[in-house]
Amino acid sequence: PPKMVVQKTASINQNTLLPDTVIFEFQSKDFEHYTDAYKLLLDKIGPLAGNGARPISRFGSTTRQELIIEAKFAEASDNSKAVLEGFTHQGVVYKAVPANSNQEGSRLQVVSLSQLPPYLSNEELVDGLCKSLRYFGMVSRIRKITNRGFFEGDVSVTLDTS
Numbered sequence: 028p029p030k031m032v033v034q035k036t037a038s039i040n041q042n043t044l045l046p047d048t049v050i051f052e053f054q055s056k057d058f059e060h061y062t063d064a065y066k067l068l069l070d071k072i073g074p075l076a077g078n079g080a081r082p083i084s085r086f087g088s089t090t091r092q093e094l095i096i097e098a099k100f101a102e103a104s105d106n107s108k109a110v111l112e113g114f115t116h117q118g119v120v121y122k123a124v125p126a127n128s129n130q131e132g133s134r135l136q137v138v139s140l141s142q143l144p145p146y147l148s149n150e151e152l153v154d155g156l157c158k159s160l161r162y163f164g165m166v167s168r169i170r171k172i173t174n175r176g177f178f179e180g181d182v183s184v185t186l187d188t189s
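Read in order, the letters of the sequence shown correspond to residues 28 to 189 in our numbering.
Structure below.
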């Protein structure tokens, strides 16, 4: 859920999140360097305020698989676009979460599912998950969790429950 992402971010950073910012969560392995995520935000959403952002997940003592970026876009409408529409990168839809609860946005819930049939095609998996979870919200992201490149039936699904 959005509050969980914000809480995770705050616990990593142990600082106050900046006002009117949004948070994106990516996989670290998708970027050669974390600043490549900034370029992606520029290309997909719009200019960043002050041409800056910060990697919240860089703080803390452990190496993390997720890359959590706090950003503020130059135009307030781009902040809203990041939260409400998001963008697609490498077949995954990413939506930002507002860093403060005053900001309007989607109500995102992350659901972990296991013991799914590992032999389904991607189309069958996506279709089945979208149909079975539609009663709880709109599926906005499905991430297959692999072990050394093999899918064992575990997924993380992000639902928009607004």
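In this text, a Cβ means the ideal position worked out from N, Cα and C, and glycines have one as well.
Between the CA atoms of residue j and residue i - distance to the nearest angstrom
{"i": "Q92", "j": "Y162", "result": "30 Å"}
{"i": "G180", "j": "I83", "result": "30 Å"}
{"i": "A64", "j": "L45", "result": "19 Å"}
{"i": "Q130", "j": "D47", "result": "Reliability of the predicted coordinates at Q130 is poor, the pLDDT of 45 falling under 50, and the value obtained from them is presented with this limitation in mind. Taking the straight line from one Cα to the other gives about 7 Å."}
{"i": "G79", "j": "S167", "result": "27 Å"}
{"i": "H116", "j": "K158", "result": "23 Å"}
{"i": "P144", "j": "A103", "result": "43 Å"}
{"i": "K56", "j": "E150", "result": "24 Å"}
{"i": "V153", "j": "T173", "result": "16 Å"}
{"i": "I169", "j": "V182", "result": "7 Å"}
{"i": "T188", "j": "N106", "result": "20 Å"}
{"i": "D70", "j": "A109", "result": "12 Å"}
Anticipated Cβ contact below 8 Å, residue i with residue j, distance rounded
{"i": "K171", "j": "F178", "result": "5 Å"}
{"i": "L186", "j": "L160", "result": "6 Å"}
{"i": "A101", "j": "I50", "result": "Going by Cβ atoms, the distance from A101 to I50 rounds to 17 Å, so no, they are not a contact pair."}
Whether residue i touches residue j by CB criterion (8 Å)
{"i": "L67", "j": "A98", "result": "no"}
{"i": "Q136", "j": "G113", "result": "no"}
{"i": "F53", "j": "Y121", "result": "yes"}
{"i": "L156", "j": "V184", "result": "yes"}
{"i": "Y61", "j": "L94", "result": "yes"}
Checklist entry - Is there contact here, the segment 140-155 with the segment 61-74, by at least three beta-carbon pairs under 8 Å? => result no
Checklist entry - Hey, which unbroken runs of the beta strand (DSSP E) at 3 residues or more fall wholly within the segment 53-84? => result 75-82
Item to check | Whole runs of the beta strand (DSSP E) within the segment 90-122, excluding any shorter than 3 residues | outcome: 93-100, 114-116, 119-121
Item to check | Those runs of the alpha helix (DSSP H) which lie wholly inside the segment 124-176 and span at least 4 residues | outcome: 149-160
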